[in-house]
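Novice: Submitted below is the structure of interest, expressed as structure tokens.
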């Protein structure tokens with residue numbers, strides 16, 4: 067299994083990461099300036115009825131009692147979140163938080179009864195999280211994370227030495 071995390075496979079993971087980032091970026095940019103989640107939320111709430119509901123009652127209650135009354139917040143954070151996830155994945159910058167945020171959005175879209183590409187994108191995010199550093203070997207994190215680790219480790223060490 068270690069071969070999956072090696073530098074040779076990192077090319078495959080980089081291609082997958084960039085493709086996934088592009089999907090998020092495009093989806094977010096299309097929503098900037100004119101996105102309204104109201105119809106989506108009402109549709110998801112409506113899918114919580116019947117003998118075999120597509121949306122679980124507890125999630126429909128969350129949508130009805132929190133998301134819908136705060137739809138303006140969601141109208142803002144969804145497009146911005148999608149764009150930021152896209153940029154992070156394309157650049158390989160803060161890749162793990164971007165993957166977690168993207169998977170979380172995919173999970174919420176699926177819980178709201180929307181299939182579309184969400185299961186595929188969710189699965190890709192999980193795979194990229196499993197391969198760990200190989201997902202950003204060809205990305206900005208390869209350089210930025212060691213720098214940040216050294217900066218914060220040395221700062222912490224220096225603070226302790228001055229006590």
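Numbering (the working numbering), first residue to last: 67 to 229.
Built from N, CA and C at the ideal position, the CB exists for glycine as well.
#1: Please classify residue 145: is it buried, with 16 or more other beta-carbons within 10 angstroms of its beta-carbon, or exposed?
#2: Please confirm if the segment 166-182 is in contact with the segment 120-129, defined as three or more CB-CB distances below 8 angstroms between the two stretches.
#3: For residue 147 versus residue 167, is the C-beta spacing smaller than 8 angstroms?
#4: Shortest alpha-carbon distance to residue 271 belongs to which of 83, 185, 124?
#5: Excluding the 5 residues flanking residue 71 on each side, which residues of the same chain have their C-beta closer than 6 angstroms to its C-beta?
#6: How would you write the range of the alpha helix (DSSP H) that residue 85 sits in, first residue to last?
#7: If we call anything under 8 angstroms between Cβ atoms a contact, is residue 203 one with residue 93?
#8: Starting from the C-beta of residue 101, find all residues in its chain whose C-beta is less than 6 angstroms away, skip the five residues before and the five after it, and write them out in chain order.
#9: Assign residue 149 to one of three DSSP states: helix, strand, or coil.
#10: Tell me the rounded alpha-carbon separation between residue 149 and residue 115.
#11: Once the 5 residues before and after residue 154 are set aside, which same chain residues still bring their CB inside 6 angstroms of it?
#12: Among residues of its own chain, excluding the 5 on either side of residue 125, which ones have a beta-carbon nearer than 6 angstroms to its beta-carbon?
#13: Would residue 86 and residue 191 qualify as a contact pair, given that the criterion is a beta-carbon distance under 8 angstroms?
#14: Could you pull the start and end residues of the alpha helix (DSSP H) that residue 106 belongs to?
#15: With DSSP run on the structure shown, which of helix, strand or coil describes residue 121?
Specialist: Answer, in terms of the structure:
#1: When all chains shown are included, residue 145 counts as buried.
#2: yes
#3: Contact flag set, yes.
#4: This structure cannot settle anything about residue 271, because the visible part of the chain is limited to 67 through 229.
#5: 197, 200
#6: 73-97
#7: no
#8: 141, 145
#9: helix
#10: 33 angstroms
#11: 160, 164
#12: Cβ neighbours of residue 125 beyond the five flanking positions: 177.
#13: yes
#14: From DSSP, the alpha helix (DSSP H) with residue 106 extends over 104-112.
#15: coil
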